[in-house]
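Numbering-wise, the sequence shown is residues 1 to 158 according to my numbering.
Right, one structure below, let's go through it.
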Amino acid sequence: LPPDDFTVMHVELNSFESVRSFHRQLDEWKGEKPLDRLICNAAVYQPSLDYAKWSVDGHEQQMQINFLSHFLMASLLIDDMARAPDPRMIFVGSVTGNDNTVGGGGVYPIADLKQLAGLKAGAKNPVSMFDGYNFDGAKAYKDSKLCLMMTSNFLSHF
């Protein structure tokens with residue numbers, strides 16, 4: 001790519017304010033030209049943790065970095081992307097979020113959001129899991145990837 005076609009910008013997915021700041025910087029850099037591609041590929045995997053680590057916003061770290069911040073970024077950019085002739089939004093997932101795969105269904109614990117009791121309770125410290133159950137590092141990662149799959153599926157209908 002020619003150097004004028006891209007720029008490097010910092011975003012810390014552990015912070016919603018950083019995502020919003022990134023959005024403002026991107027908007028300033030690109031001007032009126034619509035964004036046509038977004039690839040959300042960042043992730044953190046902490047399967048051996050016995051306790052939740054918290055983001056600066058108070059959410060379980062894997063869920064914020066792997067899903068919530070990507071969802072926020074997509075939400076901030078979707079209207080602009082809709083102006084592009086052939087926009088593409090890509091969320092990089094993992095087989096572990098799919099219970100029909102060896103990694104997701106054959107290896108405990110299985111990704112399962114139940115009735116989203118944790119999300120309904122705010123999904124902030126001390127509620128670490130979207131399903132409302134006790135923290136499990138491997139399941140937190142799998143659940144975050146399941147959320148990405150659900151979001152991708154939802155957005156594919158537009």
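Heads up, the beta-carbon is just placed ideally off N, CA and C, and yes, glycines get one too.
According to DSSP, is residue i helix, strand or coil?
i, result
"Ile65", "helix"
"Met9", "coil"
"Glu32", "coil"
"Arg83", "coil"
"Leu26", "helix"
"Met89", "strand"
"Leu77", "helix"
"Leu191", "Residue 191 is absent from the model: the chain starts at 1 and stops at 158."
"Leu161", "For residue 161 there is no data in the structure shown, the boundaries of the chain being 1 and 158."
Assuming residue i is part of the alpha helix (DSSP H), what are its boundary residues?
i, result
"Leu113", "Segment: none, Leu113 is in no alpha helix (DSSP H) and carries neither H nor E."
"Leu146", "Gly137 to Leu155"
Are the Cβ atoms of residue i and residue j separated by less than 9 Å?
i, j, result
"Leu119", "Ala74", "no"
"Leu35", "Leu26", "yes"
"Leu76", "Val19", "yes"
Could you round the C-beta distance between residue i and residue j to whole angstroms and report it? I think they count as a contact, below 8 Å.
i, j, result
"Ala117", "Asp143", "With 8 Å as the limit, Ala117 and Asp143 do not qualify as a contact, their Cβ atoms being about 13 Å apart."
"Pro2", "Gly137", "In fact, because the Cβ distance is near 43 Å, the residues do not count as touching under 8 Å."
"His59", "Cys40", "That belief does not hold up - the Cβ atoms of His59 and Cys40 are roughly 17 Å apart, past 8 Å."
"Asn66", "Tyr133", "Contact flag wrong, Cβ pair sits at about 18 Å."
Pick out whichever of the options has its Cα sitting closest to the Cα of residue i.
i, options, result
"Leu68", "Leu146, His157 and Ser156", "Leu146"
"Trp29", "Met9, Asn66 and Ala43", "Met9"
"Thr7", "Phe22, Gln46 and Ser15", "Phe22"
"Phe158", "Ser15, Lys124 and Arg88", "Arg88"
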